[in-house]
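Protein chains in written order, with our numbering: chain V, 1 to 139; chain A, 140 to 593.
Structure first, commentary second.
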């Protein structure tokens with residue numbers, strides 16, 4: 001491999017249109033970067049390779065949206081929360097998780113981080129797709 | 140030892156090549172300039188120039204003795220219709236033709252203003268520099284329609300909340316973070332959630348801590364001469380302490396803070412815990428310590444040495460970005476200096492979301508792990524307590540002129556260590572060492588240790 005000037009962002013969004021959620025995997029240490037970027041933030045290797053994430057994840061923290069932390073267009077999400085999630089591949093990120101209301105949050109707090117969710121592709125109001133997560137059934 | 144989660148890569152700091160000290164500070168009042176006939180019409184050159192000249196006067200130096208100036212502003216295009224603001228205001232403070240640079244790190248700008256100035260001196264390139272920041276957080280050049288239209292030479296309009304929110308989205312990565320929606324919304328409550336979960340306190344106890352941070356902050360700012368609260372006394376709409384507001388409603392302060400007068404704005408956050416964005420400027424003169432006898436022979440107070448500055452930046456997609464970046468910045472500066480939280484007499488945390496006071500002070504060990512919230516509720520962190528925290532009132536009461544806020548905190552810390560605060564002087568004896576935890580820009584963190592030289 002060599003360092004390439006590459007349209008990573010455009011490819012990521014085009015893949016979402018095709019129903020695929022792509023990250024980038026480090027060929028040296030196996031770390032997965034999501035959302036995808038050039039270099040590995042774990043070992044510092046210059047290059048990473050395209051990798052389709054499984055979408056399986058678990059939840060470490062839950063914050064409920066409120067007046068300051070929501071926007072009118074987020075209504076399309078239904079009930080949701082902001083969470084620290086850990087992908088099955090080990091990557092941690094802040095993400096929207098659907099299917100959580102205040103009551104559900106109370107039920108889940110004692111179980112963290114053994115609360116599971118999975119990725120979904122969600123169409124934003126501006127006409128592009130993004131990634132959110134849905135609480136697994138039975139959680 | 141401050142523990143840092145593995146998400147953050149670590150950096151080892153090395154000592155500066157030579158000692159660097161702050162020898163003078165200056166600041167405007169923090170204001171809603173448009174709201175008063177006395178201040179309506181003030182311009183960026185006037186605010187920046189005033190703060191710069193007050194800092195020079197404080198240090199006893201002539202502009203000719205200053206080698207270079209740093210200009211910080213969080214949003215020059217939106218706030219002043221400028222792209223290169225350091226040049227456009229360069230005639231105002233006697234330094235015409237000197238070299239300069241503009242820098243912009245959102246709400247962390249005023250803290251990194253010290254970082255830039257210290258590095259310039261420590262490298263040996265310059266002996267004495269001015270570092271100053273300015274912001275019009277509450278007003279915008281008239282007409283306030285959009286940044287492209289032609290503007291009046293000096294008239295300004297109030298910054299509407301809609302315009303402010305539309306432009307603050309610029310803080311966040313356009314490619315991923317805004318699309319994923321979570322990162323930019325986490326700033327309001329993530330730190331509170333983290334504190335509740337990791338310290339195993341209840342949501343009600345966190346609510347008490349948030350309320351008392353706000354109560355203490357207004358009590359602090361009410362006695363601080365240059366605070367927005369103090370300035371507002373000259374207007375028709377003075378900002379009152381929560382004790383005064385509660386009394387007006389026939390309530391106890393606890394009742395008031397848990398009433399609809401202080402509504403929930405976040406999962407934990409209430410209205411009282413949100414910044415008061417405003418206008419202002421602040422400045423410092425930074426000098427090679429061994430050059431002070433030549434450059435400022437009549438210096439009236441002890442130099443304040445900058446012992447070290449830890450830095451960490453974590454983009455908002457990263458979980459607990461404020462917590463993790465603070466842990467790393469603090470770890471760096473403690474490793475460099477050999478100091479710990481026990482050595483700190485004063486602590487300042489940029490708290491545009493007030494939770495920052497608590498979590499930063501605990502991470503730095505200024506307040507004991509898991510106990511900080513009790514110190515706050517008991518009033519021990521008020522300006523006249525035994526553990527002063529944001530003795531000037533911080534962003535929710537002193538005010539938040541975004542870039543200028545960090546240097547306003549430096550102003551307060553230095554004045555307190557010099558014993559020059561009069562009736563607002565903290566009650567702890569001879570404060571010598573202070574930490575300032577800068578934070579902003581989704582998110583940049585700095586941990587600065589200042590120490591008064593004997």
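We put the beta carbon where it would ideally sit given N, CA and C, even for glycine.
As the structure is a prediction and not an experimental result, all values here were calculated from the model.
When the five nearest sequence neighbours on each side are left out, the beta carbons in the same chain lying within less than 6 Å of the beta carbon of residue 298 of chain A are those of 277, 278 and 279, in order along the chain. One Cα belongs to residue 255 of chain A, the other to residue 208 of chain A, and the distance between them is close to 10 Å.
Sequence-ordered contacts of the stretch 319-331 of chain A with chain V read 319, 320, 321, 322, 324, 325, 327, 328 and 329 [C-beta pairs closer than 7 Å]. Interface criterion not met: the Cβ of residue 464 of chain A is under 9 Å from no Cβ in chain V. Look at residue 583 of chain A here: in three-state DSSP terms it is strand.
Along the stretch 406-427 of chain A, going in chain order, the ones with a CB nearer than 8 Å to a CB of chain V are 406, 408 and 413. Chain-order list of chain A residues neighbouring residue 63 of chain V: 325, 328, 329, 332 and 406, by C-beta distance under 7 Å. Residue 84 of chain V sits close to residue 60 of chain V, with the two beta carbons spaced by under 9 Å. Against chain A, the beta carbon of residue 74 of chain V has neighbours under 8 Å at 320, listed in chain order. Taking C-beta atoms as the reference points, residue 202 of chain A and residue 233 of chain A count as a pair closer than 9 Å. Cβ contact annotation for residue 342 of chain A (same chain, cutoff 8 Å, sequence separation greater than five): 335 and 407, in chain order. Bounds of the alpha helix (DSSP H) holding residue 432 of chain A are 431-434. In this structure, A:157 is the residue among A:157, A:148 and A:149 with its C-alpha nearest to the C-alpha of residue 428 of chain A. At a cut-off of 9 Å between beta-carbon atoms, residue 9 of chain V makes contact with chain A. About 22 Å separates the CB atoms of residue 568 of chain A and residue 160 of chain A; that is not less than 8 Å, and the two are not in contact. Within the same chain, 308, 310, 311, 316, 317, 455 and 581 come within 8 Å of residue 323 of chain A by CB-CB distance, once the 5 residues on both sides are set aside. Positions of the alpha helix (DSSP H) runs, each at least 4 residues long and wholly inside the stretch 464-525 of chain A, are given as 494-502 and 511-516 in order along the chain.
For the stretch 90-106 of chain V, the residues whose beta carbon sits under 7 Å from a beta carbon of chain A are, in order, 92, 93, 94, 95 and 96.
Contact check for residue 540 of chain A against residue 347 of chain A fails: the beta carbons are separated by 9 Å or more. Below the 9 Å Cβ cutoff, chain A contributes 315, 318, 319 and 320 as neighbours of residue 130 of chain V, in chain order. Residue range 8-17 is occupied by the alpha helix (DSSP H) that includes residue 12 of chain V. Cβ neighbours of residue 262 of chain A within its own chain (closer than 8 Å, five residues either side excluded): 156. Within 7 Å of the CB of residue 124 of chain V, the CB atoms of chain A belong to 318, in sequence order along the chain.
Contact check for residue 164 of chain A and residue 542 of chain A: beta-carbon distance about 16 Å, past the 8 Å limit, so the pair fails to qualify.
The beta carbon of residue 54 of chain V does not come within 9 Å of any beta carbon belonging to chain A, so the residue lies off that interface.
DSSP places residue 372 of chain A outside both helix and strand once states are collapsed to three, so it counts as coil.
Only 35, 41 and 60 from the stretch 27-60 of chain V bring a Cβ to less than 8 Å from some Cβ of chain A. Interface residue (Cβ-Cβ distance to chain A less than 9 Å): residue 84 of chain V is classified as such.
Between the stretch 31-47 of chain V and the stretch 65-80 of chain V there are fewer than three C-beta pairs closer than 8 Å, too few to call the two in contact. Using a Cβ-Cβ cut-off of 9 Å, residue 68 of chain V counts as an interface residue toward chain A, since at least one Cβ of chain A sits closer than that to its own. With a threshold of 9 Å between beta carbons, residue 112 of chain V makes contact with chain A. In the three-state scheme derived from DSSP, where H, G and I count as helix and E and B as strand, residue 26 of chain V is classed as coil. In the pairwise beta carbon analysis, the stretch 378-394 of chain A is classified as touching the stretch 357-367 of chain A: at least three pairs are separated by under 8 Å. DSSP places residue 450 of chain A inside the beta strand (DSSP E), whose first and last residues are 443-452. For residue 455 of chain A, the closest Cβ of chain V is nearer than 9 Å. Under a criterion of Cβ atoms nearer than 7 Å, no residue of chain V is adjacent to residue 541 of chain A; the nearest Cβ is some 17 Å distant.
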